[in-house]
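Some notes on the structure that comes next.
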Amino acid sequence: LVAMAAYMLIAIALSIAPKRLACEGIRRHLAQPRRTAPKLDASASLPSVATVPFSRALLLKGLLVPAMALAAPAPGMLGFQADDKSFDFTLPSGWTIAPSSGRVRTASRDGSTLFMASAKNRDGTATLEVLVDLGSYGKNLAAYGTPNTAAAKALALPGVAGKGGVQLLDAAKVPGRVRGSSYYVAHYQDADAQREGLMKIGVSQDRLYRMLAEAPGDSLQLKAEVQEVVDSFQVFPINFICMSQSNAGNVPASGSCY
Numbered sequence: 023l024v025a026m027a028a029y030m031l032i033a034i035a036l037s038i039a040p041k042r043l044a045c046e047g048i049r050r051h052l053a054q055p056r057r058t059a060p061k062l063d064a065s066a067s068l069p070s071v072a073t074v075p076f077s078r079a080l081l082l083k084g085l086l087v088p089a090m091a092l093a094a095p096a097p098g099m100l101g102f103q104a105d106d107k108s109f110d111f112t113l114p115s116g117w118t119i120a121p122s123s124g125r126v127r128t129a130s131r132d133g134s135t136l137f138m139a140s141a142k143n144r145d146g147t148a149t150l151e152v153l154v155d156l157g158s159y160g161k162n163l164a165a166y167g168t169p170n171t172a173a174a175k176a177l178a179l180p181g182v183a184g185k186g187g188v189q190l191l192d193a194a195k196v197p198g199r200v201r202g203s204s205y206y207v208a209h210y211q212d213a214d215a216q217r218e219g220l221m222k223i224g225v226s227q228d229r230l231y232r233m234l235a236e237a238p239g240d241s242l243q244l245k246a247e248v249q250e251v252v253d254s255f256q257v258f259p260i261n262f263i264c265m266s267q268s269n270a271g272n273v274p275a276s277g278s279c280y
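Take the working numbering: the final residue in the sequence shown is number 280, and no numbers are missing along the way.
Here's what the structure looks like:
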């Protein structure tokens, strides 16, 4: 009995010891002085972050709007977007879009024009024209021919005033900003070599998209602006519901083009 009582006393002591130690640890923790967060000096200034100004050209290079069709133009720039969101472009400061730009309500399946847009710089020495034709143009650029063949055909099409006598200098295939997209860009000049132009061609969903922009051949500034405008011109595929309404010559219902 004595041995059993001793064994029980030892067991009770062992069970109480951890609890006593834990309580003792809590008492010591509470007895320590409480730490407070360091006070901030209201007069101290935060470290400055360096900012890098973006040039207009750099902003243009960054415009990619696969799903939304048109990003907000950079300050000082004007943007244009088709009512079916199938194409858009931006203009440098000082350029204006003609009020008549937009849908041409003479659509049919015989290759007629769906959209026309035009713009010019402040004094009218640099100009651009955009035409979107509906017809049997195919689903991509390859269906319209090689760069030089396609450029020659596009320049000869009706609707491009005064382009019959221009000289095609070169043409090449270039990638678009939307992944997988591509265009033909042709360089041309008029018969007396006073004006130079760039034409950008896109083909999508049996539509032919053309932008033609020109400037005096001796103006590096205006030719640079023409290059920027042409670079900004982008074509986007549209869904079947939107396309059927647009190709019929109607402004698509709100929400049908996304």
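Don't be surprised by glycine CBs; every beta carbon is placed ideally from N, CA and C.
All of these numbers come straight from a predicted model, not from anything done at the bench.
Helix, strand or coil: how does DSSP classify residue i here?
i	result
serine 204	strand
glutamine 211	strand
phenylalanine 262	helix
valine 126	coil
serine 268	helix
alanine 246	helix
leucine 81	Any answer about leucine 81 is weak, because its pLDDT of 32 lies below 50 and its placement is not dependable; what the coordinates show is given next. DSSP places leucine 81 in helix when its eight states are reduced to three.
aspartate 240	coil
alanine 257	It is worth fixing the name first, because residue 257 is valine in this sequence and not alanine. In the structure shown, valine 257 sits in a strand (DSSP, three-state: E or B).
valine 273	coil
Given that a residue counts as buried once 16 or more other Cβ atoms are within 10 Å of its Cβ, and exposed if not, what is residue i?
i	result
phenylalanine 102	buried
phenylalanine 262	exposed
valine 196	exposed
leucine 156	buried
aspartate 145	exposed
alanine 173	buried
isoleucine 260	buried
arginine 201	exposed
alanine 120	exposed
serine 254	buried
Considering Cα atoms alone, identify which of the options is closest to residue i.
i	options	result
leucine 191	Cys279, Arg125, Ala208 and Thr149	Ala208
threonine 112	Ala165, Val126, Ala139 and Arg125	Ala139
methionine 221	Gly124, Ala213 and Val248	Val248
leucine 150	Phe109, Ser108, Asp214 and Val252	Val252
valine 257	Ala193, Ala194 and Tyr205	Tyr205
alanine 235	Arg125, Cys264, Asn272 and Val152	Val152
phenylalanine 137	Pro169, Gly167 and Phe109	Phe109
alanine 194	Asp214, Cys264 and Gly167	Gly167
alanine 270	Val126, Ala213 and Ala237	Val126
arginine 229	Asn162, Tyr280 and Ser276	Asn162
serine 123	Ser115, Val154, Thr171 and Cys279	Val154
valine 225	Gly116, Pro169, Pro114 and Trp117	Pro169
So residue i and residue j are supposed to be a Cβ contact under 8 angstroms. How far apart are they, rounded?
i	j	result
tyrosine 159	valine 188	Their Cβ separation, rounded to whole angstroms, is 21 angstroms, which puts tyrosine 159 and valine 188 out of contact at 8 angstroms.
alanine 148	leucine 242	Alanine 148 to leucine 242, Cβ: 12 angstroms. No contact.
glycine 239	glutamine 216	6 angstroms
| Taking only runs of the beta strand (DSSP E) that begin and end inside the stretch 147-203, which ones reach a length of at least 3 residues, in chain order? | Within the stretch 147-203, complete beta strand (DSSP E) segments of at least 3 residues are found at 149-156 and 189-197, given in chain order.
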